[in-house]
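Chemist: When the letters of the sequence shown are read in order and numbered with mature numbering (1 follows the signal peptide of the UniProt record, and there is no 0), they come out as residues -25 to -1, 1 to 320. C-beta: ideal position from N, C-alpha, C; glycine also. Mind having a look at this structure? Questions to follow.
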Amino acid sequence: MARNLRWVLLIVAVVSWCLVSTLEASEGDADPLYKSCVDQCQKTGCVGDNCFQHCKFSADGKAIDGPWYMQEPLYLRWKQWDCQSDCQYECMMTREEERKRNGEKPTKYFGKWPLKHVYGIQEPVSVAFSALDLAIQFHGWVSYFILVYYNLPLQPNRKTYYEYNGLLHIYAIIVMNSLFWSGVCHSRDVALTERLDYSSATVLAGFSLILAIIRSFSIHDKSAKVMVTAPILAVVATHILYLNFYNLDEGLHRKVIIGIGAVELVVWGVWAALTSHPSKWKLRAFFVSSILTMCLRMLDFPPYKGYVDAHALWRAAGIPLSYLWWSFACDDAVFRTTVLLKKSK
């Protein structure tokens, strides 16, 4: 047991190191050359030889100095691209090309690394990985559903013996909702999509912590569940209200998510070290993989070839993690059902 606890403490130390190892970068949007480029583009509608259709329309999509039937099509307006955003993007990429030719390092613009767009999608690689992770989560949920309702014995009232079944169904819906809005936000980052993404991620982090505590400590008493759930839900609700109605603070949101995630990993880690679960190796692999994934999330480096950044790698790392989690959930359902069936006899 002492050896296992030392292993947990070592992993917690790794988490702490990851939390303080974030790199910082200067802000390119403060560059005078960049600002001058944007100002000139908004006046002329062009950056060099590239001119933008959005600069011919006002904020409500009506053509400037043109008849009503020249309004911009809805299929272009729904993305909320406008003259300013087009100019900012083109000036950013042009300025980065100049910096590369001069031997300078890439820098951030408005707190984010410059990423190349594909068909108007701001972060195409992150969108692809979010969609693939969503598919893996859905597949895992369906596999779990078939297992507990069709392959395992049911109680006379047609309910499952597995006492955490309801929690896992709720988790599946929450995690898929979070991945959906993550993909939307990576496609087009505006205030609305950011709020939906941050709110969904906060709900997922809070519920994942609740699930970790209830399963690790085998909590079955309803009053004990309320005592665990209530303070976590209070933190989640407060953070969501703060983001949506006071200040959409990305830095604060990141700290809250990482803080909740770190607590969840400690809970899983202690249980992984002490449990005699027949699939404990999967739980331990999930725990170690989660640690490494969190470290990936904390990394911060310029995008490779303009497409792959640390966030995209973090999304990619979450795909095998999702498969491993549902594999353990299925094993856990079989294990607990077997134990409860023996007790009932």
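(1) Excluding the 5 residues flanking P278 on each side, which residues of the same chain have their C-beta closer than 6 Å to its C-beta?
(2) Between which residues of its own chain and D4 is the CB-CB distance below 7 Å, once the five residues before and five after are set aside?
(3) In or out: P128 buried (at least 16 other Cβ within 10 Å) or exposed?
(4) From this set, Y217, S193 and I189, which residue's C-alpha is nearest A205's C-alpha?
(5) Whole angstroms is fine: what's the gap from E71's alpha carbon to C160's?
(6) Would you call L258 buried or exposed, if buried means 16 or more other Cβ atoms sit within 10 Å of its Cβ?
(7) Ordered along the chain, which non-local residues of its own chain (more than five positions away) have a Cβ less than 6 Å from that of V231?
(8) Determine the closest residue to S118 out of S319, T313, W300 and K317, with distance taken between C-alpha atoms.
(9) Going by DSSP, what residue range makes up the alpha helix (DSSP H) through A110?
(10) Taking Y64 as part of the alpha helix (DSSP H), name the residues at either end of that continuous run.
(11) Which of the three DSSP states, helix, strand or coil, is assigned to L90?
(12) Should the stretch 102 to 115 be called in touch with the stretch 173 to 190, which here means at least 3 C-beta pairs below 8 Å?
(13) Using a Cβ-Cβ cut-off of 8 Å (strictly less than) and excluding sequence neighbours within five positions of R76, which residues of its own chain qualify?
(14) Tell me the rounded alpha-carbon separation between Y221 and F182.
(15) Taking the alpha-carbon of residue 342 as reference, which of L208, V165 and L288 has the nearest alpha-carbon?
(16) Per DSSP, E2 is paired with what?
(17) Give the single residue among V93, W116, G78 and K80 whose Cα lies nearest to the Cα of Y64.
(18) Could you spell out the range, first to last residue, of the alpha helix (DSSP H) harbouring F276?
(19) Here's the rule: buried if 16 or more other CB atoms are within 10 angstroms of the residue's CB, otherwise exposed. What is V201?
(20) Just grab the DSSP bridge partners of N132 for me.
Modeler: According to the structure data:
(1) Residue mapping note: residue 278 aligns to position 303 of the sequence shown, counting from 1. For P278, where only same-chain residues beyond five positions count, the Cβ hits under 6 Å are W88, L90 and D284.
(2) Against the sequence shown, residue 4 aligns to sequence position 29. So the list reads Y84 and F85, once near-sequence residues are dropped.
(3) For the purposes of this step, residue 128 is taken as the residue at position 153 of the sequence shown. With fewer than 16 Cβ atoms within 10 Å of its Cβ, P128 is classed as exposed.
(4) Taking the sequence shown and counting its residues from 1, the one referred to as residue 205 is at position 230. For the residues Y217, S193 and I189, the minimum Cα distance to A205 belongs to I189.
(5) Here residue 71 refers to the residue found at position 96 when the sequence shown is read from its first residue. Here residue 160 refers to the residue found at position 185 when the sequence shown is read from its first residue. Those two C-alpha atoms are separated by around 24 Å.
(6) Looking up residue 258 in the sequence shown gives position 283. So L258 ends up on the buried side.
(7) For the purposes of this step, residue 231 is taken as residue 256 along the sequence shown, with counting starting at 1. Result list for V231: H214, in chain order.
(8) As a working mapping, residue 118 is identified with position 143 in the sequence shown. Ranking S319, T313, W300 and K317 by Cα distance to S118 puts W300 first.
(9) For the purposes of this step, residue 110 is taken as the residue at position 135 of the sequence shown. It spans P99 to I121 - the alpha helix (DSSP H) in which A110 sits, taken as one unbroken run.
(10) Position 89 of the sequence shown holds residue 64. Where Y64 is concerned, the enclosing alpha helix (DSSP H) stretches over C58 to R76.
(11) In the sequence shown, residue 90 corresponds to position 115, counting from 1. Of the three classes helix, strand and coil, the one that applies to L90 here is coil, per DSSP.
(12) As far as the Cβ criterion goes, the stretch 102 to 115 does not touch the stretch 173 to 190, which means the pair count is below three.
(13) Residue numbering aside, residue 76 sits at position 101 when the sequence shown is read from its first letter. So no residue of the chain qualifies.
(14) Reading the sequence shown from its first residue, position 246 is the one you call residue 221. Reading the sequence shown from its first residue, position 207 is the one you call residue 182. Rounded to whole angstroms, Y221 to F182 spans 23 Å at the Cα level.
(15) Given a span of -25 to 320 for the chain in the structure shown, any question on residue 342 remains unanswerable.
(16) Translated into the one-based positions of the sequence shown, residue 2 becomes position 27. Bridge partners of E2: K83.
(17) Reading the sequence shown from its first residue, position 89 is the one you call residue 64. Cα-wise, what sits closest to Y64 is V93.
(18) Reading the sequence shown from its first residue, position 301 is the one you call residue 276. Taken as a continuous stretch (DSSP letters only), F276 belongs to no alpha helix (DSSP H), as it is neither H nor E.
(19) Indexing the sequence shown from 1 puts residue 201 at position 226. Label assigned to V201: exposed.
(20) Locating residue 132 in the sequence shown gives position 157, where the first residue counts as 1. None; N132 has no bridge partner.
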